[in-house]
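Numbering (the working numbering), first residue to last: 14 to 425.
The block underneath contains the structure these notes are about, expressed in structure tokens.
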């Protein structure tokens with residue numbers, strides 16, 4: 014790996030800015046709040062915004078470095094700095110710079126067939142490739158995980174030489190999981206067919222979900238055995254959005270070096286079951302998600318599916334759930350009453366709020382206040398995510414964060 018003197022100067026300057034951000038007292042304040050939240054202690058609602066509108070905020074990722082190796086560093090640092098300067102939410106920014114360990118993950122080996130829309134954000138159509146009598150054992154082989162340790166060391170040495178006197182450069186293994194077997198399955202079978210299979214051929218569907226679960230379990234156990242896991246209890250985003258900072262992880266018998274699954278946060282979701290009954294959700298999703306999540310110290314559950322009617326069955330099947338997603342489709346009052354303080358009420362406001370033709374921050378405040386009133390008995394994190402557009406007005410994100418954080422102080 015090579016870097017020019019000009020590129021070196023650029024990334025080192027960015028690293029110094031990142032180090033200054035990490036040293037700001039704000040970071041310690043956020044650590045203490047997140048530690049309390051993840052211990053299920055009531056604080057003010059925590060506010061996060063995940064910027065997914067890079068096509069409208071080009072200055073965030075504007076490239077100054079010529080070399081690709083330098084650009085890989087620059088991109089990460091510019092994101093960090095941009096977010097801090099413009100969207101002062103409750104994220105934590107520390108003084109580390111992670112160098113990813115190259116891990117080769119085998120897929121299921123089944124190629125889906127999709128008809129793609131013309132619009133970049135349009136809905137794709139699934140063209141089913143399974144007819145209802147295939148043998149999952151014949152189609153899904155157990156995976157083999159491989160690691161390129163030489164590449165990891167080379168990259169670590171390179172970044173350490175460039176930034177090591179400014180930031181703490183660390184090898185970073187796997188810290189995030191997305192266990193969503195039903196969501197994967199429907200990409201081969203189709204949504205309508207899968208819904209009918211739960212009634213017409215449940216044994217066949219269970220055979221597929223069991224095989225897929227075994228595939229995922231084989232993967233994560235190989236990760237553990239190969240030593241490619243890293244702790245995700247610091248400033249890391251876990252599951253569908255929250256910050257994982259906690260003193261409850263790693264486990265008490267952690268040796269300080271070899272990270273195990275039980276030292277990490279896990280995550281599971283079945284977004285396609287938005288309209289499926291609690292009983293079927295339990296039978297066809299939670300049965301397998303339980304087998305996955307039980308290997309982790311703490312778990313996050315859910316994403317875009319409404320879970321206000323399924324709180325009890327989730328907590329029954331996955332007792333280590335610490336964050337429970339409440340999507341824009343969930344009934345906030347009903348979900349809050351069902352959940353209480355048994356897990357974090359991880360509320361996802363509707364991202365369309367920031368994409369409406371007319372921007373009305375006062376209306377936004379009314380919606381937030383209504384939700385905060387309904388969740389007074391809960392431990393709350395608010396995550397604005399899945400933004401496709403802010404109508405080119407990037408200041409909407411900044412204004413929303415400022416409004417939400419100001420309002421959250423009234424509900425401490």
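Glycine is no exception: its CB is placed at the ideal position from the N, C-alpha and C atoms.
*Taking C-beta to C-beta, are residue 193 and residue 89 nearer than 8 Å?*
For the purposes of this step, residue 193 is taken as the residue at position 180 of the chain shown. For the purposes of this step, residue 89 is taken as the residue at position 76 of the chain shown. For residue 193 and residue 89, no; Cβs fall outside 8 Å.
*If you draw a straight line from the alpha carbon of residue 278 to that of residue 414, how long is it in whole angstroms?*
The sequence position of residue 278 within the chain shown is 265, counting from 1. The sequence position of residue 414 within the chain shown is 401, counting from 1. Cα-Cα distance, rounded: 26 Å.
*In three-state terms, what does DSSP make of residue 113?*
For this step, residue 113 is matched to residue 100 along the chain shown. Strand at residue 113.
*May I ask which residues mark the beginning and end of the beta strand (DSSP E) holding residue 335?*
Within the chain shown, the letter at position 322 stands for residue 335. Residue 335 -> beta strand (DSSP E) spans 334-339.
*asked:* Considering Cα atoms alone, identify which of 262, 188, 234 is closest to residue 252.
replied: The residue given as residue 252 occupies position 239 in the chain shown. For residue 252, the closest of 262, 188, 234 by C-alpha to C-alpha distance is 188.
*Over what stretch of residues does the alpha helix (DSSP H) that includes residue 231 continue unbroken?*
Stepping through the chain shown from its first residue, residue 231 is reached at position 218. Where residue 231 is concerned, the enclosing alpha helix (DSSP H) starts and stops at 215-239.
_I'd like the list of long-range same chain contacts for residue 364, defined as Cβ closer than 6 Å, with 5 residues on each side in sequence excluded._
Indexing the chain shown from 1 puts residue 364 at position 351. So the qualifying residues of the chain are 399, 400.
*May I have the straight-line CA-CA distance separating residue 282 from residue 79, to the nearest angstrom?*
By one-based count along the chain shown, residue 282 stands at place 269. By one-based count along the chain shown, residue 79 stands at place 66. CA-CA distance, residue 282 to residue 79, rounds to 40 Å.
*Taking only runs of the beta strand (DSSP E) that begin and end inside the segment 30-66, which ones reach a length of at least 3 residues, in chain order?*
As far as the segment 30-66 is concerned, its whole beta strand (DSSP E) runs of at least 3 residues are 59-62.
*asked:* Can you list, in chain order, the residues of its chain with a C-beta nearer than 8 Å to that of residue 304? Leave out the 5 residues immediately preceding and following it.
replied: Start at 1 with the first residue of the chain shown, and residue 304 comes out as number 291. If we look at residue 304 and ignore the five residues flanking it on each side, its Cβ neighbours are 226, 230.
*In angstroms, rounded to a whole number, what distance separates the CA positions of residue 19 and residue 26?*
Residue numbering aside, residue 19 sits at position 6 when the chain shown is read from its first letter. Residue numbering aside, residue 26 sits at position 13 when the chain shown is read from its first letter. Computed Cα separation, rounded: 11 Å.
*asked:* If you follow the alpha helix (DSSP H) that residue 87 is in, where does it begin and where does it stop?
replied: As a first step, residue 87 must be located in the chain shown, where it is residue number 74. Boundaries of the alpha helix (DSSP H) around residue 87: 81-99.
_Tell me which residue opens and which closes the beta strand (DSSP E) that residue 181 is part of._
One-based indexing of the chain shown puts residue 181 at position 168. Annotation for residue 181: the continuous beta strand (DSSP E) segment containing it runs 181-185.
_Inter-residue spacing [alpha-carbon to alpha-carbon] between residue 308 and residue 96_ = Numbered from 1 along the chain shown, position 295 holds the residue referred to as residue 308. Numbered from 1 along the chain shown, position 83 holds the residue referred to as residue 96. C-alpha of residue 308 to C-alpha of residue 96: approximately 33 Å in a straight line.
_Complete runs of the beta strand (DSSP E) confined to the segment 125-202 [at least 3 residues]_ = For the beta strand (DSSP E) assignment, the uninterrupted runs of no fewer than 3 residues enclosed by the segment 125-202 are, from N- to C-terminal side, 181-185.
_Could you pull the DSSP bridge partners for residue 251 from this structure?_
The residue you call residue 251 lines up with position 238 of the chain shown. Secondary-structure assignment with DSSP links residue 251 through a beta bridge to 255.
*Around the Cβ of residue 243, are there at least 16 other Cβ atoms within 10 angstroms (buried) or fewer (exposed)?*
Here residue 243 refers to the residue found at position 230 when the chain shown is read from its first residue. Buried, since its Cβ has 16 or more Cβ neighbours within 10 Å.
_On the CB-based measure, 16 or more other CB atoms within 10 Å of its CB, does residue 191 come out buried or exposed?_
Taking the first residue of the chain shown as position 1, residue 191 is located at position 178. Taking all protein chains in view, the Cβ of residue 191 is surrounded by fewer than 16 other Cβ atoms within 10 Å, so the residue is classified as exposed.
*At which residues does the beta strand (DSSP E) containing residue 358 begin and terminate?*
For this step, residue 358 is matched to residue 345 along the chain shown. From DSSP, the beta strand (DSSP E) with residue 358 extends over 357-360.
*Meets three-Cβ-pair contact criterion under 8 Å: the segment 44-62 and the segment 257-267*: Using a C-beta cut-off of 8 Å, the segment 44-62 makes contact with the segment 257-267, since at least three inter-stretch Cβ pairs fall below that distance.
_Under 8 Å between C-beta atoms of residue 116 and residue 184_ = What you label residue 116 is simply residue 103 of the chain shown in a count that begins at 1. What you label residue 184 is simply residue 171 of the chain shown in a count that begins at 1. Going by C-beta atoms, residue 116 is not nearer than 8 Å to residue 184.
*Could you give the C-beta distance for residue 30 and residue 105, rounded to a whole number, given that I count them as a contact under 8 Å?*
Residue numbering aside, residue 30 sits at position 17 when the chain shown is read from its first letter. Residue numbering aside, residue 105 sits at position 92 when the chain shown is read from its first letter. That pair is no contact at about 17 Å.
*asked:* Only counting the same chain, and skipping five residues up and downstream in sequence, which positions put a Cβ closer than 8 Å to that of residue 100?
replied: To locate residue 100, count along the chain shown from 1; it is residue 87. When the five nearest sequence neighbours on each side are left out, the beta carbons in the same chain lying within less than 8 Å of the beta carbon of residue 100 are those of 62, 64, 410, 411, 414, in order along the chain.
*Answer yes or no: do residue 387 and residue 345 have a C-beta to C-beta separation smaller than 8 Å?*
Counting from 1 along the chain shown, the entry for residue 387 is found at position 374. Counting from 1 along the chain shown, the entry for residue 345 is found at position 332. For residue 387 and residue 345, yes; Cβs fall inside 8 Å.
_Report the start-end ranges of each beta strand (DSSP E) in the segment 376-418 that is 3 residues or longer and not cut off at the edges._
Counting only runs of 3 or more, we get 392-397.
_Residues that residue 294 bridges to, as DSSP identifies them_ = Taking the chain shown and counting its residues from 1, one reaches residue 294 at position 281. For residue 294, DSSP records no beta bridge to any residue.
*Backbone secondary structure at residue 299 - three-state DSSP*: Position 286 of the chain shown holds residue 299. In this structure, residue 299 counts as helix in the three-state DSSP scheme.
*Grab me the residues of residue 249's own chain with a C-beta within less than 6 Å of its C-beta, minus the 5 sequence neighbours each way, in chain order.*
As a position in the chain shown, residue 249 is number 236, starting the count at 1. Excluding sequence neighbours, residue 249 sits near 188, 257.
*Evaluate residue 196 with the Cβ neighbour count: other Cβ atoms within 10 Å of its Cβ, from every protein chain shown; 16 or more gives buried, anything less gives exposed.*
The residue given as residue 196 occupies position 183 in the chain shown. Looking at its Cβ environment, which holds 16 or more other Cβ atoms inside 10 Å, residue 196 is buried.
*Taking residue 336 and residue 356 to be in contact with their CB atoms under 8 Å, please state how far apart those CB atoms are, rounded to whole angstroms.*
As a working note, residue 336 is residue 323 in the chain shown. As a working note, residue 356 is residue 343 in the chain shown. The C-beta distance from residue 336 to residue 356 rounds to 6 Å, short enough to fall under 8 Å.
*Whole angstroms is fine: what's the gap from residue 321's alpha carbon to residue 290's?*
Along the chain shown, one-based indexing puts residue 321 at 308. Along the chain shown, one-based indexing puts residue 290 at 277. Roughly 12 Å between the two C-alpha positions.
*Which value, in whole angstroms, describes the spacing of the CA atoms of residue 348 and residue 180?*
In the chain shown, the residue the question calls residue 348 occupies position 335. In the chain shown, the residue the question calls residue 180 occupies position 167. About 42 Å.
*With 16 other CB atoms within 10 Å as the buried threshold, where does residue 155 fall?*
Looking up residue 155 in the chain shown gives position 142. Its Cβ having fewer than 16 others within 10 Å, residue 155 is exposed.
*Leaving out the 5 sequence neighbours to the left and right, which residues in its chain are closer than 8 Å to residue 331 when beta-carbon positions are compared?*
In the chain shown, residue 331 corresponds to position 318, counting from 1. So the list reads 281, 299, 302, 303, 306, 307, 312, 314, once near-sequence residues are dropped.
*Can you tell me which of the three DSSP states residue 245 falls into?*
Mapped onto the chain shown, residue 245 falls at position 232. Coil at residue 245, not helix or strand.
*Using three-state DSSP, classify residue 17 as helix, strand or coil.*
In the chain shown, residue 17 corresponds to position 4, counting from 1. DSSP places residue 17 in coil when its eight states are reduced to three.
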